[in-house]
Amino acid sequence: MPYKNLSTIPIYRKSLDLLQMSREIASYLSYNKDLLKLYQSNSLRDIMVDSLLTDSILIPQQIAEAERSDCQAARMRSATFINVIIRNINSYCTGLEKDGVKEKEYLNLLRSEIKSFRRLYKVWRRSIRS
2 MPYKNLSTIP IYRKSLDLLQ MSREIASYLS YNKDLLKLYQ SNSLRDIMVD SLLTDSILIP
62 QQIAEAERSD CQAARMRSAT FINVIIRNIN SYCTGLEKDG VKEKEYLNLL RSEIKSFRRL
122 YKVWRRSIRS
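In the numbering used here, the protein residues as written are 2 to 131.
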């Protein structure tokens, strides 16, 4: 399979936007401002923010893996994994709200970004099946 420039794929660009937004929100909402050490925190909010960041990082990686794979099963496995990640991110937003985050508009912005991503995802998933 010839090398494909990922920056030309709309879902990949949108996943990078989602990642950037997640980083900004995580930086704002976390108690521990060192994002690389969130996993060490005992705060539930920091743990959820760390999970949000980790999952946001995995999305572009899975898209790249699917786009570069010749194996149909591997491509569909990546697509299924991305679907799980999207659901997880929505759950983290709900969990952060329940943890007492007062800046719900930021979480709603992330949710709308996820909604936009999901539309592109559905189109992309159909395209990788063929």
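All C-beta atoms in this analysis are idealised placements derived from N, C-alpha and C, irrespective of residue type, glycine included.
- Between the stretch 52-61 and the stretch 7-25, the count of C-beta pairs closer than 8 angstroms reaches three or more; the two stretches touch.
- DSSP places K103 outside any alpha helix (DSSP H), giving it a letter other than H or E.
- DSSP, read as helix, strand or coil, puts I26 in helix.
- Counting along the chain, the unbroken alpha helix (DSSP H) around S52 starts and ends at L45 to R69.
- DSSP, read as helix, strand or coil, puts S31 in coil.
- C-alpha of R14 to C-alpha of L7: approximately 8 angstroms in a straight line.
- The three-state reading of DSSP puts C72 in coil, since its state is none of H, G, I, E or B.
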